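> Protein chains in written order, with the numbering used here: chain A, 1 to 223; chain B, 1001 to 1223.
Protein chains: 2
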Amino acid sequence: MALTDEAIDKIKGMITSGELGPGDRLPKEADLAERLGLSRNSLREAVKALSMIRVLDVRQGDGTYVTSLAPDLLLDALSFVVDFHRDDTVLQFLEVRRILEPSATALATERMPVEDIAKLQAVLDQLGDNPTIEALVANDLEFHRQIAAGSGNAVLCSLIDGLSGPTTRARIWRGLTQEGAAERTREQHQAIVDAITARQPDLARSWATIHVAGVEEWLRRAL
Amino acid sequence: MALTDEAIDKIKGMITSGELGPGDRLPKEADLAERLGLSRNSLREAVKALSMIRVLDVRQGDGTYVTSLAPDLLLDALSFVVDFHRDDTVLQFLEVRRILEPSATALATERMPVEDIAKLQAVLDQLGDNPTIEALVANDLEFHRQIAAGSGNAVLCSLIDGLSGPTTRARIWRGLTQEGAAERTREQHQAIVDAITARQPDLARSWATIHVAGVEEWLRRAL
DNA sequence: TCCCCCAATACATCGGAGGTCTGTTGTCTA
DNA sequence: TAGACAACAGACCTCCGATGTATTGGGGGA
């Protein structure tokens, strides 16, 4: 195994063993390099890799710290990864979303406080009459994010959020190529909010399924 | 933005733009560094980060290549990330598993070829009478991996695989075996295989739900 | 024709130097 | 005394040049 990978494992070990907790500061580069028995350059590669996946937070002029290790932070890296995928695998991501999103919506129906439901409605309302494609997509993203957050499960939330990345592009194309899509999306979003407001999980789940399946079906035909 | 991060973005751009495809070889370090306008050391940090998440594959003495970019490769990094989580967030991961695994099992029930079902049964059979914890963990991992693979969705498969990393699983098993849950798990595994063999998706889904929920419930009590 | 050796290639690792950013401290002024 | 400014030290950022090491492919010998 390469020296750098070893260093990564050792730092990982320092964290998982509890020697380093969230928010703790690492020894300075030179000291840590000496302790791990490698050069600063090699150590920096290890630290860079760990900061990429949000495990470490390096601040120039200050020091290197362990992040909060919150699930949403760590799963953030997911969206970076899915960016690399080409159109043919996007369908698989969408299939997974069709599994996750309905469940998240059902959970949100049960757990979401009334005031958050109001915020959800507000998101829908703030969309004007003739929004741009970008505004539509941004609004859609925000809508689904709030529902995912309403599930009360940070892991589920950021997973859905991350998976939505690659499908975003697809939605933009959809908006460009399919005229009635925007209006239908709005209707479905409203139906989901209504179901949540009425506290009917199975109805909310069904609408969410239909909503995602609609995008999926369109994409399947388009490819 | 740091120079290294810029380099990461540029390399990412070279791939997403199609200039570099899966399997392609990158220019050698010195050339690429010059082209991107930075030193070799800084470039190496960028390459290291990208190879961490399996986007690049560096081979000493040969060169640096773009990987296949297959979903399973890229989501592999997930298990690394999951390892950092402590017991309190593991519950959230398990909750997500309880959403994904039943659906994957149901999909596998419909799509899995007969010979793969036989292999699945073989996995269960090859476990002896008094297995070690390591054997249990490995067997459990293999069982669920084969089912996930049977769903025919690589993204779903590696997501499930990554969500309960070996570390997490081992930790859970260590606790479970102390309560003699090994036998119950084996029965549930068998029930899942039976349902798949009978091609009854709803039954398979239910067993999978029960199976995951059992672990989840135990963990909830243990914390 | 086959096999072994070696030179070329490319990544791995190292140590040091100069630059830049940040937080702190000490001083000056109102 | 309170606030603002300047100097300082600590820590990361970037680069350079050199040496070590693994892989590959070609040339020479049997």
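From the three backbone atoms N, C-alpha and C, an ideal C-beta is built for every residue, glycine too. Computed from a predicted model, the values in this text were never measured in an experiment.
So what does A:Leu56 bridge to, in DSSP terms?
BP columns for A:Leu56 point to A:Val66.
> Report yes or no: is there a C-beta of chain A within less than 7 Å of the C-beta of B:Ser1164?
Chain A, which has no Cβ nearer than 7 Å to the Cβ of B:Ser1164, makes this no.
> Would you call B:Lys1119 buried or exposed, if buried means 16 or more other Cβ atoms sit within 10 Å of its Cβ?
Looking at its Cβ environment, which holds fewer than 16 other Cβ atoms inside 10 Å, B:Lys1119 is exposed.
> What does the alpha-carbon distance come out to for the pair B:Ile1147 and B:Asp1083?
Those two C-alpha atoms are separated by around 22 Å.
> Using only alpha-carbon positions, find the residue among B:Gly1162, B:Val1047, B:His1085 that is nearest to B:Ala1033.
Nearest C-alpha to B:Ala1033: B:Val1047.
> Counting only C-beta atoms, is B:Glu1095 closer than 7 Å to chain A at any point?
By this cut-off, B:Glu1095 is an interface position.
> Taking C-beta to C-beta, are A:Pro71 and A:Ala181 nearer than 7 Å?
Going by C-beta atoms, A:Pro71 is not nearer than 7 Å to A:Ala181.
> Find out if the Cβ-Cβ distance for the pair B:Val1055, B:Asp1024 is shorter than 7 Å.
No; because the gap between Cβ atoms is not below 7 Å, this pair is not in contact.
> How many angstroms separate the CA atom of A:Ile160 from the CA atom of A:Ile11?
Looking at the two C-alpha atoms, the distance is approximately 29 Å.
> First and last residue of the alpha helix (DSSP H) that includes B:Lys1028?
Neither: B:Lys1028 is in no alpha helix (DSSP H) and is coded neither H nor E.
> For the structure I just gave you, are there three or more beta carbon pairs, one from the segment 85-93 of chain A and one from the segment 130-146 of chain A, closer than 8 Å?
Taking 8 Å as the limit for Cβ pairs, the verdict is that the segment 130-146 of chain A does not touch the segment 85-93 of chain A.
> According to the Cβ coordinates, are B:Thr1004 and B:Ser1051 closer than 7 Å?
Result no, Cβ atoms of B:Thr1004 and B:Ser1051 do not sit closer than 7 Å.
> For B:Ile1196 and B:Met1112, which I take to be in contact (beta-carbon distance under 8 Å), what is that distance rounded to the nearest angstrom?
Between B:Met1112 and B:Ile1196 the Cβ distance is about 6 Å, and since that is below 8 Å, they are a contact.
> Quick one, which residues of the segment 1142-1161 of chain B are near chain A if we go by CB-CB under 7 Å, in chain order?
The segment 1142-1161 of chain B vs chain A, Cβ under 7 Å: Asn1153, Ala1154, Val1155, Leu1156, Leu1159.
> Within the continuous alpha helix (DSSP H) that includes B:Gln1146, where are the two ends?
Per DSSP, B:Gln1146 belongs to the alpha helix (DSSP H) from 1133-1150.
> Return no unless some Cβ of chain B is closer than 7 Å to the Cβ of A:Met112.
False, the Cβ-Cβ gap to chain B never drops below 7 Å.
> So, is the C-beta of A:Leu43 closer than 7 Å to a C-beta in chain B?
No, because no Cβ of chain B sits closer than 7 Å to the Cβ of A:Leu43.
> Using the rule of at least 16 other Cβ atoms within 10 Å of the residue's Cβ for burial, across every protein chain shown, is A:Thr109 buried or exposed?
Buried, because 16 or more other Cβ atoms sit within 10 Å of the Cβ of A:Thr109.
> Against B:Leu1075, what residues of chain A qualify as contacts under a CB-to-CB distance less than 9 Å, listed in chain order?
Under the 9 Å cutoff, chain A gives Leu78, Val81, Val82.
> To the nearest angstrom, report how far apart B:Leu1219 and B:Gly1165 are at their CA atoms.
Looking at the two C-alpha atoms, the distance is approximately 16 Å.
> Taking Cβ-Cβ distances shorter than 7 Å, what residues in chain B pair up with A:Val55?
Correct list: Phe1084.
> Apart from the five residues on each side of it in sequence, which residues of its chain come closer than 8 Å, Cβ to Cβ, to B:Ile1053?
Answer for B:Ile1053: Leu1074, Ala1077, listed in chain order.
> Just to confirm my understanding: we take B:His1189, look at its own chain, exclude 5 residues before and 5 after, and list those with CB closer than 7 Å. What are they?
If we look at B:His1189 and ignore the five residues flanking it on each side, its Cβ neighbours are Leu1124, Phe1143.
> In chain order, what residues of the same chain lie with their CB nearer than 8 Å to the CB of A:Ala30, ignoring the 5 residues before and after it?
The residues are Arg40.
> Give the residues of chain A in contact with B:Thr1016, contact being defined as C-beta atoms less than 7 Å apart.
Ordered by position in chain A, the residues that pass the 7 Å Cβ test against B:Thr1016 are Asp83, Phe84.
> Would A:Ser39 count as contacting chain B if we go by Cβ distances under 7 Å?
Closer than 7 Å: no.
> In whole angstroms, what separates the C-alpha of A:Leu26 from that of A:Met14?
When rounded, the distance between both Cα atoms is 10 Å.
> Give the C-beta separation of A:Ala69 and B:His1085 to the nearest angstrom, bearing in mind that I take them to be a contact with Cβ-Cβ under 8 Å.
In the sequence on display, residue 69 of chain A carries Leu and not Ala. Confirmed, about 7 Å.
> Going by DSSP in three states, A:Gln190 sits in which element: helix, strand or coil?
Looking at A:Gln190 - three-state DSSP - the assignment turns out to be helix.
> With A:Gly13 as the anchor, note down where its alpha helix (DSSP H) starts and where it stops.
Here the alpha helix (DSSP H) through A:Gly13 covers 3-16.
> Could you give the distance in angstroms between the alpha-carbon of B:Arg1097 and the alpha-carbon of B:Gly1063?
Between B:Arg1097 and B:Gly1063, the C-alpha separation is close to 38 Å.
> Please check if any C-beta of chain B sits within less than 7 Å of the C-beta of A:Leu36.
Not one chain B Cβ lies under 7 Å of A:Leu36.
> I need the straight-line Cα distance from B:Lys1028 to B:Val1058, nearest angstrom please.
In a straight line, the C-alpha of B:Lys1028 is about 11 Å away from that of B:Val1058.
> Would you report the Cα separation of A:Arg186 and A:Ala122, rounded to the nearest angstrom?
So the alpha carbons of these two residues sit roughly 13 Å apart.
> Using the Cα positions of B:Val1212 and B:Leu1094, report the straight-line distance between them to the nearest angstrom.
If you take the alpha carbons of B:Val1212 and B:Leu1094, they lie about 8 Å apart.
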